[in-house]
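S.K.: I have a structure I would like to understand better, so I am pasting it below and will then ask my questions one at a time.
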Amino acid sequence: MNQPALYHKSHRALKADIGEIIAKSFEKFQWRVDGKDALLDIGSGPGDVLMEHILPLMPSEFSRVVCSDLSEDMVDFARSYYGHEDERCEFEVLDIAMKVGLPGNLLGRFDHITSALCLHWVQDYKTALKNIYNFIRPEGGDCLLIFMSTHNIFDAYNYTSQFSRWSEYMKDSNRCISPLHYSNDPKGDFSQLMAESGFCDIAIDIKSRIFDYGNMENLKENVKSVCGTLDHIPISCHSEFLNDFVAVMVEYAANAKRSEAQTKYIMKYDLIVAYGRKPPTETK
């Protein structure tokens with residue numbers, strides 16, 4: 000998923016919805032009395048959700064906001080597009096699931112951690128959550144994590160990987176499927192993982208959504224912006240792969256239709272909205 004310009008212009012309705020969820024959820028944040036809050040955003044992509052929906056909610060005297068992503072291309076795009084917004088904004092390449100070598104300039108430095116539309120691509124939640132916990136100051140802080148637990152696209156990855164035409168390019172297709180997609184209790188499972196990582200005051204909601212892409216081309220463009228498999232397929236085969244992949248998504252959507260009035264380009268998904276607090280670390 001290294002097409003920052005395409006991803007930046009895609010999924011506008013979804014990102015607007017995420018922005019509304021963030022605005023309501025920010026009421027839970029425990030803000031510093033002096034207003035010098037520092038925030039790290041995980042998996043910022045091209046930076047639009049952070050800069051357009053999160054940054055405006057920060058106290059005017061905030062000390063630091065960091066835009067981060069695993070993809071250097073995404074970080075470069077975000078820096079070039081939003082780098083002029085505020086000198087207190089920084090841009091960092093960061094793998095939230097890395098087991099060793101976490102950047103020292105980030106560890107224990109933040110009052111708040113946010114992440115929107117990222118964690119469904121992360122397979123190792125235990126490591127990711129422990130890292131998020133460790134990025135928060137020893138004095139305590141909190142996190143807001145928003146990601147998809149289920150989506151038609153995850154079914155499409157699983158099904159398309161069995162096509163003889165594409166199987167050789169999708170041997171690691173499970174890496175593109177949310178670990179919670181097949182969970183019978185995604186809310187309970189993620190809550191337990193957060194608790195095991197040390198978080199308290201955990202509050203998790205699941206928000207079901209339905210979005211109509213309207214037509215095949217619009218759906219394909221949106222899928223193209225997030226489909227990591229395209230990085231492994233020859234460019235000459237991209238169009239053919241997208242046709243097959245989106246056809247599978249449409250088939251799953253058709254099977255889930257609630258009424259004949261719904262179009263075949265409607266996609267259903269569930270969002271996890273998770274809040275947790277890191278308590279102050281006891282010192283002797």
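Note that numbering that gives the first Met the number 0 has the sequence shown beginning at 0, numbered continuously upward.
Ideal placement from N, C-alpha and C gives every residue a C-beta, glycine not left out.
Given the structure is predicted, the values throughout are model-derived calculations rather than measurements.
#1: Within 8 angstroms, do at least three Cβ pairs link the stretch 162 to 174 to the stretch 130 to 142?
#2: Could you tell me how far apart the beta carbons of D36 and H111 are, in whole angstroms, since I believe they sit closer than 8 angstroms?
#3: Compare the Cα-Cα distances from K263 to each of S9, M248 and D269 and report the closest residue.
#4: Is it buried or exposed for T280, if we count other Cβ within 10 angstroms and need 16 for buried?
#5: Please classify Q2: is it buried, with 16 or more other beta-carbons within 10 angstroms of its beta-carbon, or exposed?
#6: Using C-beta distances below 7 angstroms, list every residue in its chain close to R335, excluding the 5 sequence neighbours before and after it, in chain order.
#7: Looking only at its chain, what residues have a beta carbon closer than 7 angstroms to the beta carbon of L39, apart from the 5 residues adjacent to it on each side?
#8: Under the DSSP definition of a beta bridge, which residues are partnered with H111?
#9: Can you look up Y181 in the DSSP assignment and give me helix, strand or coil?
#10: Determine the DSSP secondary structure at C199, reduced to helix, strand or coil.
#11: Quick check: the stretch 192 to 208 against the stretch 265 to 277, are there 3 or more CB pairs under 8 angstroms?
#12: So, at 7 angstroms on beta carbons, what are the nonlocal neighbours of L365 in its own chain, with the 5 sequence-adjacent residues on each side left out?
#13: What's the gap between the Cα of L288 and the Cα of G213?
#14: Do you know how far the Cα of Q122 is from the Cα of T228?
M.R.: This is what the structure gives:
#1: no
#2: About 6 angstroms; that satisfies the 8 angstroms criterion.
#3: M248
#4: T280 comes out exposed.
#5: Q2 counts as buried, since at least 16 other C-beta atoms from the protein chains shown sit within 10 angstroms of its C-beta.
#6: This structure gives no information on residue 335, because the portion of the chain shown stretches from 0 to 283.
#7: V65, S67, L105, F109, I112 and F134
#8: L38 and D141
#9: coil
#10: strand
#11: yes
#12: Residue 365 lies beyond the residue range present for the chain, which begins at 0 and ends at 283; the question has no answer from this structure.
#13: As shown, the chain starts at 0 and ends at 283. That puts residue 288 outside it, with no answer to give.
#14: 16 angstroms
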